[in-house]
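Residue numbers for the sequence shown, in mature numbering (1 follows the signal peptide of the UniProt record, and there is no 0): -17 to -1, 1 to 476. Where is the CB? At the ideal position from N, CA and C, for every residue including glycine. Just so it is clear, the structure is predicted and the values come from calculations on it, not from any experiment. A short write-up of the structure that comes next.
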Amino acid sequence: MSIVAIIVPLAAVTIYCDTLRQIPGPFIARWTPLWLGYQAWMGRCYLAIDMKYGPVVRIAPTHFSVAHPDAVGIVYGHSHGGELTFDKSQFYDAFVAGTPSVFSTTNRKDHAYKRRIVSQAFSYRALEQFSPFIQTNVATFVSKLDSMCEKEGSIDLLKWFNYLTFDILSDLAFGEPLGMLATGTSVVSAQQTDGTVKKEDAIALVDKREHISAVLGISPWFPWLARILPDPFYSSGRESATGLADFARRNVWKRLNSGAHREDILGKLIAARESEVDTEMIKELVAETVTLLSAGSDTTASSLTALIYFVKTHPQIHRKLTAELKQVIDQEDIPTHTQVKKLEYLRVVINEGLRHYATMATGFPELCLRGGGTFFGQNLPAGTEISVPAFTIQHHDSIWGDPDVFRPERWLESPEKRKYLSRYLLTFGKGPRACVSAHTNHIMIGLACMETQLILATVIHRYNIELESDHLDSTEGFVHKTKHLLVKLSRKF
């Protein structure tokens, strides 16, 4: 095993260095994936892969980052055209929780099947049925914030956004919220198979799992290396990956054993399979709920944090958004999704926040198949990995004109301009591999979008918000995350 792990990367380097040495990038990245692994470990991939090298950058011996607008359609489109075909790379294997999910499966046929099943849980009709569950958790969130308005000191909104999104997703996935909002902590109790109760920090499990997976997925020999290294980063990360899967498995079984029938995500995933619940189905349900908790909690919480920051640091935008919300929401009410889902300025503020902040900053790596081909003037062998950095695309001068300016009005210039800009908003991915919780026809209908609209509208409408800092700190594990957002809150009415 150790000989193979050494020979295979060295052989790849020998082949690639002869044909692709002219592609710029960090010198050490030509020879080893350790440079990229280090950047992922440090949480700064999207900052390290910058434009100083040009649009095509070599970030590992067989991995290239392509920051060109045309690359989006070629790499992530439904039909690539020409001689190049792309598929998911081995990077996603690091995210497998026992059984591949719709996110982590790399087989096209398996992905199509899983996507067909999962998409039924995120149809427009299904999302409308989820609305009452979301509304109930938002009401609990508001009650907590209201009580904290009466106290001195600052509040970390990121923490409470995390509690809210976890409670919403666990309510939809397991039949009841984890209770983070009620207890004010991410440490939750989970009953073991032997009847004992174990306490887990669910948010920490997700954070560590995402971070370790983002590092180990960079090279097929990184997981082997991690097993022999004494580094606690790897050991704690592996434990977190296992812990999150165990946590999901226990909660799935608890829900199934309750015999409850609910029109929620787990219920729809079971119904879509049209078969009896067996061991294989349990594995698939666990895989999808792990993905749901990982992909849908901290990403939405970080996006909400960034949106509050952007709105509050742009007074004119804040005034305009507040005025729009006042037109449809009574003073004391918590808005419904029906009230806010078609509000135009709310929609473009969210679009601009997702663009500017870029939750998926580095981009999803894809594998060049079928003998390789020519890509941006370079002859790429089969097996080359290509990624399109979302942060760079979403801050590309040729697309946005003033990319570093937070300007929601850019989305209102014309229907044609909005359609054009939407091509380069990579928050939910693109093409057949895109997140099933996306938005179409300019009406945001995805689960994450539904949450974001409702929560942002509620907080902006209900509270006076005073930022404690004029800077927003962030880091990158698998996703680009805010570190905190300290604010002082008071009720408007």
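query: Residue range of the alpha helix (DSSP H) that includes residue 118; result: 107 to 132
query: Buried or exposed by the 16-neighbour rule on C-beta atoms within 10 Å, applied to residue 96; result: exposed
query: Range of the contiguous alpha helix (DSSP H) that encloses residue 430; result: 430 to 445
query: Cβ pair residue 469, residue 132 closer than 8 Å; result: no
query: Residue 166 classed as buried or exposed, judged by whether at least 16 other C-beta atoms fall within 10 angstroms; result: exposed
query: Residues near residue 48 in its chain [Cβ-Cβ closer than 6 Å; skip 5 each side]; result: 32, 40, 42, 370, 372
query: Residue 137 in three-state terms, based on DSSP; result: coil
query: Start-end ranges of the alpha helix (DSSP H) lying completely within the region 281 to 325, minimum 4 residues; result: 281 to 295, 298 to 309, 320 to 323
query: Residue 261 to residue 155 span [Cα, whole Å]; result: 21 Å
query: Bridge partners - residue 448, DSSP secondary structure assignment; result: 472
query: Cβ-based burial, residue 25 [other Cβ within 10 Å; buried from 16]; result: exposed
query: Residue 300 classed as buried or exposed, judged by whether at least 16 other C-beta atoms fall within 10 angstroms; result: buried
query: C-beta atoms of residue 23 and residue 197 nearer than 8 Å; result: yes
query: Simplified DSSP state of residue 42, which is helix, strand or coil; result: strand
query: Start and end residues, beta strand (DSSP E) containing residue 180; result: 180 to 184
query: For residue 457, the first and last residue of its enclosing beta strand (DSSP E); result: 457 to 459
query: Per DSSP, the bridge partner or partners of residue 463; result: 459
query: Distance between residue 99 and residue -11 (C-alpha atoms, nearest Å); result: In this prediction, residue -11 scores a pLDDT of 48, lower than 50, which makes its location untrustworthy; no coordinate-derived value is stated.
query: Buried versus exposed, by CB contacts within 10 Å (16 or more), residue 400; result: exposed
query: Counted within 10 angstroms of its Cβ, other Cβ atoms place residue 120 as buried (16 or more) or exposed; result: buried
query: The region 312 to 319 touching the region 267 to 277, judged by at least three CB pairs closer than 8 Å; result: no
query: Boundaries of the alpha helix (DSSP H) in which residue 374 is found, first to last residue; result: 373 to 376
query: C-alpha distance - residue 84 paired with residue 92, whole-angstrom precision; result: 13 Å
query: Sub-8 Å separation of residue 118 and residue 203 beta-carbons; result: no
query: Start and end residues, alpha helix (DSSP H) containing residue 70; result: Looking at the DSSP string, residue 70 is not in any alpha helix (DSSP H); the run it does join, the beta strand (DSSP E), is 68 to 71.
query: Backbone CA spacing between residue 3 and residue 115 [nearest angstrom]; result: 55 Å
query: For residue 362, the three-state DSSP class (helix, strand or coil); result: strand
query: Among 151, 70, 253, the one whose alpha carbon lies nearest that of residue 355; result: 70
query: Rounded C-alpha distance that separates residue 476 from residue 333; result: 25 Å
query: CB contact flag (residue 296, residue 139, <8 Å); result: no
query: Candidates 44, 7, 273, 5: closest to residue 14 by CA position; result: 44
query: Whole-angstrom distance between residue 474 and residue 136, CA atom to CA atom; result: 15 Å
query: Closest Cα partner of residue 444 within the set 303, 386, 404, 230; result: 303
query: Residue 356 - DSSP class collapsed to helix/strand/coil; result: strand
query: Limits of the beta strand (DSSP E) - the one that residue 368 falls within; result: 368 to 370
query: Exposure label - residue 194; buried when at least 16 CB within 10 Å; result: buried
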